[in-house]
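For reference, the structure is listed below as structure tokens.
Protein chains: 2
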Amino acid sequence: MKNTQIKGTSLLIERVLVNGTLQDIFVDETGVITSIGVGIARTFRGEAETCIDGAGDLALSGLVNTHTHAAMTLLRGFADDMPLQDWLTQKIWPLEAHLTGEDVYWGTKLACLEMIRSGTVAFNDMYFFMDEAARAVDEMGLCAVLAYGFLDLFSEEKREAECRATERLVQSIHGMKNPRIKAAVGPHAMYTVSPEGLRWVSEFAAEKEIGIHVHLSETEKEVTDAVSQWQKRPVKILDECGILTPRTVAAHCCWLDGDECSLLAKRGVHISHNPASNMKLATGRAMPYHWLKEAGASVTLGTDGCASNNNLDLFEEMKIASLLQKHSWNSQTLLPAGEALAMATSAGAKALGFGRGVIAPGEPANLILVDSHAVCNTPLHHAASNLVYSCSGNAVKTTICQGRVLMKDRVVTGEEEIVAGAAKAAASLVKRAREE
Amino acid sequence: MKNTQIKGTSLLIERVLVNGTLQDIFVDETGVITSIGVGIARTFRGEAETCIDGAGDLALSGLVNTHTHAAMTLLRGFADDMPLQDWLTQKIWPLEAHLTGEDVYWGTKLACLEMIRSGTVAFNDMYFFMDEAARAVDEMGLCAVLAYGFLDLFSEEKREAECRATERLVQSIHGMKNPRIKAAVGPHAMYTVSPEGLRWVSEFAAEKEIGIHVHLSETEKEVTDAVSQWQKRPVKILDECGILTPRTVAAHCCWLDGDECSLLAKRGVHISHNPASNMKLATGRAMPYHWLKEAGASVTLGTDGCASNNNLDLFEEMKIASLLQKHSWNSQTLLPAGEALAMATSAGAKALGFGRGVIAPGEPANLILVDSHAVCNTPLHHAASNLVYSCSGNAVKTTICQGRVLMKDRVVTGEEEIVAGAAKAAASLVKRAREE
Chain A
1 MKNTQIKGTS
11 LLIERVLVNG
21 TLQDIFVDET
31 GVITSIGVGI
41 ARTFRGEAET
51 CIDGAGDLAL
61 SGLVNTHTHA
71 AMTLLRGFAD
81 DMPLQDWLTQ
91 KIWPLEAHLT
101 GEDVYWGTKL
111 ACLEMIRSGT
121 VAFNDMYFFM
131 DEAARAVDEM
141 GLCAVLAYGF
151 LDLFSEEKRE
161 AECRATERLV
171 QSIHGMKNPR
181 IKAAVGPHAM
191 YTVSPEGLRW
201 VSEFAAEKEI
211 GIHVHLSETE
221 KEVTDAVSQW
231 QKRPVKILDE
241 CGILTPRTVA
251 AHCCWLDGDE
261 CSLLAKRGVH
271 ISHNPASNMK
281 LATGRAMPYH
291 WLKEAGASVT
301 LGTDGCASNN
311 NLDLFEEMKI
321 ASLLQKHSWN
331 SQTLLPAGEA
341 LAMATSAGAK
351 ALGFGRGVIA
361 PGEPANLILV
371 DSHAVCNTPL
381 HHAASNLVYS
391 CSGNAVKTTI
401 CQGRVLMKDR
411 VVTGEEEIVA
421 GAAKAAASLV
431 KRAREE
Chain B
1 MKNTQIKGTS
11 LLIERVLVNG
21 TLQDIFVDET
31 GVITSIGVGI
41 ARTFRGEAET
51 CIDGAGDLAL
61 SGLVNTHTHA
71 AMTLLRGFAD
81 DMPLQDWLTQ
91 KIWPLEAHLT
101 GEDVYWGTKL
111 ACLEMIRSGT
121 VAFNDMYFFM
131 DEAARAVDEM
141 GLCAVLAYGF
151 LDLFSEEKRE
161 AECRATERLV
171 QSIHGMKNPR
181 IKAAVGPHAM
191 YTVSPEGLRW
201 VSEFAAEKEI
211 GIHVHLSETE
221 KEVTDAVSQW
231 QKRPVKILDE
241 CGILTPRTVA
251 AHCCWLDGDE
261 CSLLAKRGVH
271 ISHNPASNMK
281 LATGRAMPYH
291 WLKEAGASVT
301 LGTDGCASNN
311 NLDLFEEMKI
321 ASLLQKHSWN
331 SQTLLPAGEA
341 LAMATSAGAK
351 ALGFGRGVIA
361 PGEPANLILV
371 DSHAVCNTPL
381 HHAASNLVYS
391 CSGNAVKTTI
401 CQGRVLMKDR
411 VVTGEEEIVA
421 GAAKAAASLV
431 KRAREE
């Protein structure tokens, strides 16, 4: 079932605001922006197979979510407001134990729908049954980097199985030959994967030239346990196992110290800031954005899974990121709107290798059009400020991924079927877990 | 120009989820809920002048915003990410100095539109040119409590003028005889109003039996200055001037100590928690919800003005409130979804005297219908969790205030005219300020 809307055709977008100027954008049939300018529509109107009247809306590089567990949409609202250990052991893990490939397919379809509707064009996912996730992404037309969550829990036997599962997924994704979908490795964290496991993963990723997706220093306990057990902080442990590379995305990074920020920057690691999840789970400390910025690190934005957020709206996440940084580090000027927007666009796109995340000739046409007449954009004194502090993802009218129009005027083909299918899968999952 | 949609007619709402059960609601022509139950539509279908098919959506008591400066929508995004004093003295105050009554009218119209679209049915406003705000509210059909912002800056001459302005507004609002619009007094704060001014305000409010709207302990400086100048903390100063009553709403309340929480609870004061504004302006501390709750205080929710938020979406505010409390006070269980929802509904309605903020016979029909098939409500494991953590105000399909349908299926009559009028007023305001 391929989404019929997702065909490669040339595309002309007329009358959109790009950096404050009303311009036209032409995208060729390979999904690449070839021309941008005032009044260029005249030149391309005959040639373009599809035309969109932007009606003065804001054109923005599509948002990039660098840390998700997409299929956890099925767990949205299943359990909240509980102590972390009870939440995990009594609610989340028992439900996840009953997950099937079909569940992951429907959960990922729902996640893709939600992302398309809120202007996200690419995401970095780590979970299980990832070939089912790949099938969902393929149908929905988004860009994604998909990793199998590798947890050996320090057991040699389990490590072997995780290595094989990782290899299988990479082979399966490469076999799809879909340029929008990339494989990555997903070593869960330094407290769930043995040093041997981390080393294997790092070597395998280097050999295949693919990304690494890892959790890092989310909680203070992770740091204090590492220091007490290994006499080293988590960043050092990951570095010694070869995990810190320019192909790596490290999620959370709340409890970094200054030296760790410097080393992450030096290694070219991309940080994924996950403010809503961190606040909801009371990790106790905000990612030290000011230190990372000073060190020159690449900082991107992610929502985490829907069990701990509980949505995938990166517009909301940009606002919460900026607010949390200001609040936590006591600065009215920290993480201004323009920087939050760059985190969610250019920094994210570069981290996942889907272009530079800007609207420019030669770039993949990962574009969104945001309603400039919506209440959240009225008045329009400063676009970046409205986008970050005032709008939610619902202000996005049109979402385009690599030249394919995935949503037009807030209509996504097949939406009702996806909502119904995901709701049914979630109900069945809970029923199976309760009957056990 | 009265909104023609805002007529008093009897109303039948069929098939909505009220506390998890599919029911019908009948509202009489005075805007009061008279009947709720499974299958009661049969009884009332002949009698009702208007019928709405709820299609299984969630019916919720309309949200109540207890701290706004509504017309500041015109300043949305005008200046952000600046040090507080520069922001106020170089940007906000110079622009406000050029505000006219017409600006306040258009700004308040835009605010009302935004509130209707995000499910807010009542708000507590403090600003200038408030008879123009009253005209806007009257046309838009919301409930509001309107106060003139009283600042005497410790000058006797200015105090006299502020007293007269306060009296005039109260007389003017009472003259409107609109049961949806109430007058209040608005002593700005203990650091901008003299003790004599505070006492006059408190006596005048008691005589007229109207509300009091005040800022309290937003910044640490307010507290340390009070202690250094008066050897008393702000709550004590307000109490000695008679400001703390069960008719009082005190906004912000970030820097309360335990004794102040107890005294506010004892006096029956309603607290307005404004988490987004507090985070954006880096007040440095979250309102101590756990102490206020322990003391039995009434805690409500507000957005503050659009210069420091930058929207009026109480759904977003519920999420940020719950996340901020968990983060700041290091607790995964603090301010759970149900309590955040109660802050924004029942606590707010009681604070402003617009019913009990619940869906029950005898209550004013301040109702919203939230799309139960939206992605943010899929799956629907727990409605309260989805409403607080997953949905934004855009999930609201229908907004009803005192039985009048202000939005149906996301259509508000006259929306385009309001957006255009407010955009024009904002542009003209900035132009006037720049030309000076």
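Residue numbers (the working numbering), protein chains in the order written: chain A, 1 to 436; chain B, 1 to 436.
The beta carbon of each residue, even a glycine, is placed where N, CA and C say it ideally should be.
May I ask which residues mark the beginning and end of the beta strand (DSSP E) holding B/N65?
Per DSSP, B/N65 belongs to the beta strand (DSSP E) from L63 to T68.
A/K326: contacting residues in chain B (beta-carbon distance under 9 Å)
A/K326 reaches chain B at D81, M279, K280, L281 and A282, counting residues in chain order whose Cβ is nearer than 9 Å.
Verify the CB distance criterion: does A/K77 have a CB-CB separation below 8 Å to chain B?
Per the sequence shown, the amino acid found at residue 77 of chain A is Gly instead of Lys. At least one beta carbon of chain B lies nearer than 8 Å to the beta carbon of A/G77.
Quick test of your reading: A/N394 and B/N386, contact by CB under 8 Å. State the CB separation rounded to the nearest angstrom.
That belief does not hold up - the Cβ atoms of A/N394 and B/N386 are roughly 15 Å apart, past 8 Å.
Whole-angstrom C-beta distance between A/A342 and A/I33, which should lie under 8 Å
Their Cβ separation, rounded to whole angstroms, is 19 Å, which puts A/I33 and A/A342 out of contact at 8 Å.
Can you grab the Cα-Cα spacing for the pair A/A420 / A/D57, in whole Å?
Their backbone Cα atoms lie some 31 Å apart in a straight line.
Short CB-CB distance (under 8 Å) between B/E443 and chain A:
The displayed coordinates of chain B run from 1 to 436. Any statement about residue 443 of chain B would go beyond what the structure contains.
Chain-order list of residues whose beta-carbon lies under 8 Å from that of B/D409 (same chain, five-residue window excluded)
Excluding its 5 nearest sequence neighbours in each direction, B/D409 has C-beta neighbours in its own chain below 8 Å: K397 and T398, listed in chain order.
Per DSSP, what are the beta-bridge partners of B/T444 in this structure?
Since the displayed chain B opens at 1 and closes at 436, residue 444 of chain B lies outside it and no answer follows.
Classify A/M1: buried if its beta carbon has 16 or more other beta carbons within 10 angstroms, exposed otherwise.
Any reading at A/M1 must be qualified, since the residue scores a pLDDT of 37, below 50, and its modelled position is unreliable; no value is offered.
How long is the line joining the alpha carbons of A/K266 and A/E294, rounded to whole angstroms?
Distance between the alpha carbons of A/K266 and A/E294 is about 12 Å.
Please report the distance separating the alpha-carbon of B/D371 from that of A/G296.
If I take the Cα positions, the gap works out to 44 Å.
For a contact defined as C-beta to C-beta under 9 Å, what are the partners of A/H373 on chain B?
Going along chain B in sequence order, the residues near A/H373 (Cβ under 9 Å) are E416, V419, A420 and A423.
Report the rounded CA-to-CA distance for B/I368 versus B/M130, giving the unit in angstroms.
Rounded to whole angstroms, B/I368 to B/M130 spans 27 Å at the Cα level.
DSSP on B/M407, reduced to helix/strand/coil?
In this structure, DSSP gives B/M407 an extended state, which the three-state scheme calls strand.
Report back the beta-carbon spacing between B/L323 and A/A71 to the nearest angstrom; my notes put them in contact at under 8 Å.
Here B/L323 is actually not in contact with A/A71; their C-beta atoms are around 23 Å apart, not less than 8 Å.
The stretch 213-222 of chain A touching the stretch 169-178 of chain A, judged by at least three CB pairs closer than 8 Å
Result no; under three Cβ-Cβ pairs closer than 8 Å.
Between B/S428 and A/L95, what straight-line distance do the alpha-carbon atoms span, to the nearest angstrom?
When only Cα atoms are considered, B/S428 and A/L95 end up about 57 Å apart.
Could you confirm whether any beta carbon from chain A is found closer than 8 Å to the beta carbon of B/Q231?
Judged by the 8 Å Cβ criterion, B/Q231 is not in contact with chain A.
Quick check on the burial criterion: 16 or more other C-beta atoms within 10 angstroms. Buried or exposed for A/T411?
According to the sequence shown, residue 411 of chain A is Val rather than Thr. Within 10 angstroms of the beta-carbon of A/V411 lie fewer than 16 other beta-carbons, which makes it exposed.
In the DSSP assignment, what are the bridge partners of B/K397?
Looking at the DSSP assignment, B/K397 forms no beta bridge with any residue, so it has no partner.
Beta-carbon neighbours of B/E320, restricted to chain A and to distances below 8 Å:
Residue 320 of chain B is actually Ile in this sequence, not Glu. Neighbours of B/I320 on chain A, chain order: I320 and L323.
Using the Cα positions of B/L151 and B/A97, report the straight-line distance between them to the nearest angstrom.
If you take the alpha carbons of B/L151 and B/A97, they lie about 14 Å apart.
Please report the Cβ distance between B/R180 and B/L146, rounded to the nearest whole angstrom; I am assuming they are in contact, meaning their Cβ atoms lie under 8 Å.
Wrong, their Cβ atoms sit about 11 Å apart, outside the cutoff.
With a CB to CB cut of under 6 Å and the five nearest residues on each side skipped, what residues in its chain are close to B/G258?
Answer for B/G258: W291, listed in chain order.
Hey, would you say A/T333 sits closer than 8 Å to A/N65, going by beta carbons?
Not a contact, by the Cβ cut-off of 8 Å.
How would you label B/V193, buried or exposed, when you count the other beta carbons within 10 angstroms and need 16 or more for buried?
By the beta-carbon neighbour count (other beta carbons within 10 angstroms, threshold 16), B/V193 is buried.
Is the beta carbon of B/S426 less than 8 Å from the beta carbon of B/L74?
This sequence places Ala at residue 426 of chain B; Ser is not what is there. Cβ atoms of B/A426 and B/L74: closer than 8 Å.
Tell me, please, whether the stretch 33-50 of chain A touches the stretch 10-17 of chain A by the rule of three or more beta-carbon pairs shorter than 8 Å.
In short, these stretches touch, since the Cβ pair count reaches three.
Distance cutoff 8 Å, beta carbons only. Does B/T224 sit that close to anything in chain A?
Using a CB distance cut-off of 8 Å, B/T224 does not count as an interface residue toward chain A.
Using DSSP bridges, identify the partner residues of B/N442.
As shown, chain B starts at 1 and ends at 436. That puts residue 442 of chain B outside it, with no answer to give.
Whole-angstrom Cβ separation of A/F128 and A/G149, contact assumed at under 8 Å?
Right, their Cβ atoms sit about 6 Å apart.
Which chain B residues sit within Cβ distance under 9 Å of A/E114?
What A/E114 touches in chain B, judged by beta-carbon distance under 9 Å, is V375, C376 and T378, going in chain order.
Apart from the five residues on each side of it in sequence, which residues of its chain come closer than 8 Å, Cβ to Cβ, to B/G37?
These residues qualify, in order along the chain: Q23 and D24.
Looking at C-alpha atoms only, which residue of B/C51, B/S35, B/G20 and B/H67 is the closest neighbour of B/L305?
Checking the displayed sequence, the identity of residue 305 of chain B turns out to be Gly instead of Leu. In terms of CA proximity to B/G305, B/H67 leads the group B/C51, B/S35, B/G20 and B/H67.
Helix, strand or coil, according to DSSP, for B/T333 in the structure here?
Note: B/T333 maps to coil in three-state DSSP.
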